[in-house]
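Visitor: Got a structure for you, written out below as structure tokens; questions coming shortly.
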Amino acid sequence: MPPPNVTGSLHMGHALNMTLQDILSRYERMRGKDVLWQPGTDHAGIATQMVVERLLAKDGKTRHDLGREGFLERVWEWKKESGGMITSQLRRLGATPDWARERFTMDDGLNAAVRKVFVRLYKEKLIYRDKRLVNWDPKLHTAISDLEVEQKEVKGHMWHLRYPIEGDKERFIVVATTRPETMFGDAAVAVHPDDARYKDLVGKFAILPIVGQPIPIIADEHADPEKGSGAVKITPAHDFNDFEVGKRHNLLKIDVLDEDAKMNRNAPEEYRGLDRYEARKKVLAELEALELIDKVEDHVLQMPYGDRSGVVIEPMLLDQWYVDAKTLAAPAIKAVEDGKTQFIPANWTKTYYDWMRNIQPWCISRQIWWGHQIPAWFDDKGNVFVAETEEEAQNEAAKIHGHGGVKLTRDPDVLDTWFSSALWPFSTLGWPEQTDALKRYYPAETLVTGFDIIFFWVARMMMMGIHFMGDVPFKKVYIHALVRDEKGQKMSKSKGNVIDPLVLTDEFGADALRFTLAAMAAQGRDVKLSAQRVEHTRNFTTKLWNAARFCEMNGCTLNHAFRPEVTRNIVNKWIISELAALTKNVAEALDLYRFNDAASHLYHFTYDLFCDWYIEFTKPLLNGSDETLKTEVRETTGWVLDRLLQLLNPIMPFVTEELHAHLLGKAETGTDKDDWLMTQPWPELGDDIIDKAAQEEMNWVIRLISDIRSVRADMNVPAAAKIKMLLKSASPANRQRLETYNEIICRLARLESAVLAEGTVQKGSIQIVLDEANIILPIADVVDIEQERVRLKKEIDKVSQSIEKIDKMLSNPGFLAKAPEEVVEAQKETMRDAENVRQKLKQALKQIEAA
RNA sequence: GCGCGAUUAGCUCAUUGGUAGAGCACUGCUUUGACAUAGCAGGGGUAGUAAGUUCAAUUCUUACAUCGCGCACCA
Numbered sequence: 032m033p034p035p036n037v038t039g040s041l042h043m044g045h046a047l048n049m050t051l052q053d054i055l056s057r058y059e060r061m062r063g064k065d066v067l068w069q070p071g072t073d074h075a076g077i078a079t080q081m082v083v084e085r086l087l088a089k090d091g092k093t094r095h096d097l098g099r100e101g102f103l104e105r106v107w108e109w110k111k112e113s114g115g116m117i118t119s120q121l122r123r124l125g126a127t128p129d130w131a132r133e134r135f136t137m138d139d140g141l142n143a144a145v146r147k148v149f150v151r152l153y154k155e156k157l158i159y160r161d162k163r164l165v166n167w168d169p170k171l172h173t174a175i176s177d178l179e180v181e182q183k184e185v186k187g188h189m190w191h192l193r194y195p196i197e198g199d200k201e202r203f204i205v206v207a208t209t210r211p212e213t214m215f216g217d218a219a220v221a222v223h224p225d226d227a228r229y230k231d232l233v234g235k236f237a238i239l240p241i242v243g244q245p246i247p248i249i250a251d252e253h254a255d256p257e258k259g260s261g262a263v264k265i266t267p268a269h270d271f272n273d274f275e276v277g278k279r280h281n282l283l284k285i286d287v288l289d290e291d292a293k294m295n296r297n298a299p300e301e302y303r304g305l306d307r308y309e310a311r312k313k314v315l316a317e318l319e320a321l322e323l324i325d326k327v328e329d330h331v332l333q334m335p336y337g338d339r340s341g342v343v344i345e346p347m348l349l350d351q352w353y354v355d356a357k358t359l360a361a362p363a364i365k366a367v368e369d370g371k372t373q374f375i376p377a378n379w380t381k382t383y384y385d386w387m388r389n390i391q392p393w394c395i396s397r398q399i400w401w402g403h404q405i406p407a408w409f410d411d412k413g414n415v416f417v418a419e420t421e422e423e424a425q426n427e428a429a430k431i432h433g434h435g436g437v438k439l440t441r442d443p444d445v446l447d448t449w450f451s452s453a454l455w456p457f458s459t460l461g462w463p464e465q466t467d468a469l470k471r472y473y474p475a476e477t478l479v480t481g482f483d484i485i486f487f488w489v490a491r492m493m494m495m496g497i498h499f500m501g502d503v504p505f506k507k508v509y510i511h512a513l514v515r516d517e518k519g520q521k522m523s524k525s526k527g528n529v530i531d532p533l534v535l536t537d538e539f540g541a542d543a544l545r546f547t548l549a550a551m552a553a554q555g556r557d558v559k560l561s562a563q564r565v566e567h568t569r570n571f572t573t574k575l576w577n578a579a580r581f582c583e584m585n586g587c588t589l590n591h592a593f594r595p596e597v598t599r600n601i602v603n604k605w606i607i608s609e610l611a612a613l614t615k616n617v618a619e620a621l622d623l624y625r626f627n628d629a630a631s632h633l634y635h636f637t638y639d640l641f642c643d644w645y646i647e648f649t650k651p652l653l654n655g656s657d658e659t660l661k662t663e664v665r666e667t668t669g670w671v672l673d674r675l676l677q678l679l680n681p682i683m684p685f686v687t688e689e690l691h692a693h694l695l696g697k698a699e700t701g702t703d704k705d706d707w708l709m710t711q712p713w714p715e716l717g718d719d720i721i722d723k724a725a726q727e728e729m730n731w732v733i734r735l736i737s738d739i740r741s742v743r744a745d746m747n748v749p750a751a752a753k754i755k756m757l758l759k760s761a762s763p764a765n766r767q768r769l770e771t772y773n774e775i776i777c778r779l780a781r782l783e784s785a786v787l788a789e790g791t792v793q794k795g796s797i798q799i800v801l802d803e804a805n806i807i808l809p810i811a812d813v814v815d816i817e818q819e820r821v822r823l824k825k826e827i828d829k830v831s832q833s834i835e836k837i838d839k840m841l842s843n844p845g846f847l848a849k850a851p852e853e854v855v856e857a858q859k860e861t862m863r864d865a866e867n868v869r870q871k872l873k874q875a876l877k878q879i880e881a882a
């Protein structure tokens, strides 16, 4: 289970994610597998800290009022009260993870795993401390990783500023910038080495306006002659590109902003303490007064925003801890290349590769309090000692200092939450202890998650899992889509189009929501959900409920001794065959993570085969006098319904469990686990139970009834009118069938009688062609003959069209020569049948016209 | 700019190198004793455009168009 945020409440994305996992878990348990579905939550460092700080703010307090210790106590208190919300919501959905094994990323064991991993990676030089530009969140006062920064398009301006040239009062170099307030941190002006406009200026100095500081004009490929003015100011301490330029030219890195993104002491005195945007206004006003603004253009630019704070992120030059992600990524890439871990659908593999191959050092330190505090201690000389405990750090320090009792200060920062989440596949199983669980359940079979956290989580679990366990954390990663609203819009609070899964559950039942989500979870497509869809699925559960009630009323209970293979009646053999096919289809679909296919097979069987045909077929049998047959029908019905409930159970656990109890003759689900559907083994129905002859026989009956119904409707025969039907030139098998199923046919086609007939067709009869036979409905008195003429002509047209098509194909020598024989043969047969049908239809038309 | 996906019935989406399917919606009929949250029947598609491969293309290839998403760049 991708551990949801401890601060979170269940949204539709969780509902989809958890439903799919629960379906798989329940299905695999039924198949006798030893299933571990690991539940838990992560501690969501920044989010949780924000939640608790907001609570404190209500009392007019800040975390600093409480101190670190006090604040953490307060967070734990909050966790105890409110941290279980999402897991209790999951229970309402019917999720069945191993609740007894529930973990939290701040648990003691997981804490130990984090310390161990940190120390080991540090010793392996895969974690290091570095002063680089980081994404600084000026609101939350912490560094964040690249992934936590969202680029948003913003309308801004491009200011063209004139920097005077030293020693030449007449000349200026125009630099274009979107951030004039960072000019106090400028270390150079760069132009492209080949840019003729500026060639003579390279090596000279520009005078930084307002402060009068000379800065070098340098040649660097970074400057694009096409962009802006072709000359660009270089601010190494506040821009990622400029930082690289600065490194190449050994420029000063002057930072001008403090942790609140206010101007610091490197800015001129009158600017100090001004917010970055106020400073911008002041700089521009001053430059305007100095006539140093060449021009201002409107400009659309991408601005970095913190995904939690929503404020503009500031690149800042700071000491932070980093993971050497590039080194760890190499084997994680290879594992996927080698197929040890497989993405489903496979196209996500490319996304994974792209990111992993271009991976940047991962900044893991966060300047907050809630989280795993970094196990690193500093002495007052700036030495750092990384160890799992302070005692060990002391020992390390003693070695350097030559004596014990060195005064050490622990790094106050905590680790990125995803650092601990990355260990989830093994830390939850007890690592670093070599537990039985670890041996039994690592690596996991399947991870089910959304594509939006491939980078955040999947990639990092792969890196850590391979590094510490020597094997991938999971063999398959099933990536599901996003849940959107019915118009395809992403659900968001600000748009107000959020559908709450729990509201839907209350209204239509968890089963309906689960089935809907499964039915819509087609691979590679987003789920467009509406309450209406869930309502329709609720209708489906009602249908199932009513069908089961009918069965119950007719004494169709579940007999455990029932043996499907010894049924004698063809109707029963037929539904058993169809059930066997369904079982196979559902299993195949779930094996391939094709939840929508599984759902649609179940839907089709329930409505069309079981309710509309089988139950209707057996009504006359149950009302008949053949007691042996009645018993067989009752037992078959009870058994088929129960198997159907079982196949539905992983998707719709609640209603199926209850109906199963009814089949056992109980009013409700009892406490005896052996009675529970969810503990029954997945039905094993081999191909040998599929009776092709029975299927063919019942299909003929179905087609016969459907054809008659269709013509009745076409010809406006009143629904209540019982008519006669004659079957002409039928094969011996079909003559027999007409007799065997006479009652069923009469009942379902609303016939007065259905008998065999030969010889001349009565004048004014309606004729239907069914394979080799003619169905004759002598109803001249009820229908308009002209209407029948039109109907027959339409039928003939239809057949002729397809004959023409096939004829074209068959007269193509290339087709006959190159197409596989069976395809040619199949076409020829279709042709023969179609011509046969057309012949009979033409004859029928002739008879009508003669009449 | 790079990459991914989509484009099929009014809507939401399946599908297959061999005459295109479902659900919903729609239309007509039916309150028959499990169910009107239902049943029966029906209409509705040149599968985004263009070219190519093939005996055969909705399916494979290429280009284009439109829409969506991700990544990168942006002085």
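Those letters in the first sequence? Residues 32 to 882, per our numbering, in order. Note that CB positions come from ideal geometry on N, CA and C, so glycine has one too.
#1: Roughly how far, in whole angstroms, is the beta-carbon of residue 250 from the beta-carbon of residue 233, given that I think they are within contact range, below 8 Å?
#2: Pull up the DSSP beta-bridge partners for residue 489, would you.
#3: Closest to residue 296 by C-alpha separation, out of 706, 216, 491, 452, would be which residue?
#4: For residue 721, which of helix, strand or coil comes out of DSSP?
#5: Would a C-beta distance cut-off of 8 Å place residue 82 and residue 105 closer than the cut-off?
#6: To the nearest angstrom, how far is the alpha carbon of residue 625 from that of residue 775?
#7: Measuring CA to CA, which of 161, 179, 159, 308 is closest to residue 168?
#8: Which residue or residues does DSSP assign as beta-bridge partners of residue 160?
#9: Looking at the secondary structure, which residues open and close the beta strand (DSSP E) in which residue 19 lies?
#10: Relative to the alpha-carbon of residue 469, which residue among 505, 444, 483, 485 has its alpha-carbon at the smallest distance?
#11: Considering only DSSP beta bridges, list what residue 498 is partnered with.
#12: Taking the straight line between their C-alpha atoms, what separation do you get for residue 165 and residue 355?
#13: What residue ranges within the stretch 119-197 form continuous alpha helix (DSSP H) runs of no fewer than 4 residues, ordered along the chain?
#14: Can you tell me whether DSSP reads residue 229 as helix, strand or coil?
#15: To the nearest angstrom, report how far apart residue 578 and residue 484 are at their CA atoms.
#16: Is the beta carbon of residue 660 sitting closer than 8 Å to the one on residue 610?
#17: Considering only C-alpha positions, which residue in the set 432, 42, 486 is nearest to residue 548?
#18: Does DSSP classify residue 319 as helix, strand or coil?
#19: Taking the alpha helix (DSSP H) that residue 102 falls in, what are its first and last residues?
#20: Can the beta-carbon of residue 194 be found less than 8 Å from the beta-carbon of residue 241?
#21: With a cut-off of 8 Å on the beta carbons, I'd call residue 528 and residue 516 a contact; round off their distance for me.
#22: Scan the stretch 749-779 and note each continuous beta strand (DSSP E) run of 3 residues or more that stays entirely inside, going in chain order.
#23: Note down, in chain order, each residue of its chain lying with its Cβ closer than 8 Å to the Cβ of residue 824, except the 5 sequence neighbours on either side.
#24: Which parts of the stretch 777-832 are runs of the alpha helix (DSSP H), unbroken and 4 residues or longer, counting only runs that do not cross its ends?
#25: Is residue 478 helix, strand or coil when you go by DSSP?
#26: According to DSSP, what are the bridge partners of residue 219?
#27: Would you report the Cα separation of residue 925 and residue 177, rounded to the nearest angstrom?
#28: Report buried or exposed for residue 69, applying the criterion of at least 16 other Cβ atoms within 10 angstroms of its Cβ.
#29: Report the option in 141, 804, 45 whose CA atom is closest to the CA atom of residue 455.
#30: Between the alpha carbons of residue 74 and residue 308, how many angstroms are there, rounded?
#31: Closest to residue 235 by CA distance: which of 227, 246, 225 is it?
#32: Under 8 Å, do residue 209 and residue 243 count as touching if we go by C-beta distance?
#33: Give a yes or no on whether the C-beta atoms belonging to residue 771 and residue 696 are separated by under 8 Å.
#34: Would you check if there are 3 or more beta carbon pairs closer than 8 Å linking the stretch 686-702 to the stretch 633-640?
#35: Just mark residue 33 as buried or exposed, buried being the case when its beta carbon has 16 or more other beta carbons within 10 Å.
#36: Would you give the residue range spanned by the beta strand (DSSP E) that residue 337 belongs to?
Guide: If we stick to the structure as given:
#1: 5 Å
#2: BP columns for residue 489 are empty, so no partner.
#3: 216
#4: coil
#5: no
#6: 37 Å
#7: 179
#8: 352
#9: Absent from the structure is residue 19, since the part of the chain shown begins at 32 and ends at 882.
#10: 505
#11: According to DSSP, which records beta bridges pairwise, residue 498 is partnered with nothing at all.
#12: 15 Å
#13: 139-154
#14: coil
#15: 43 Å
#16: no
#17: 42
#18: helix
#19: 94-113
#20: no
#21: 4 Å
#22: 754-759
#23: 876
#24: none
#25: strand
#26: 265
#27: Since the first and last residues shown for the chain are 32 and 882, residue 925 lies out of range.
#28: buried
#29: 141
#30: 34 Å
#31: 246
#32: no
#33: no
#34: no
#35: buried
#36: 324-337
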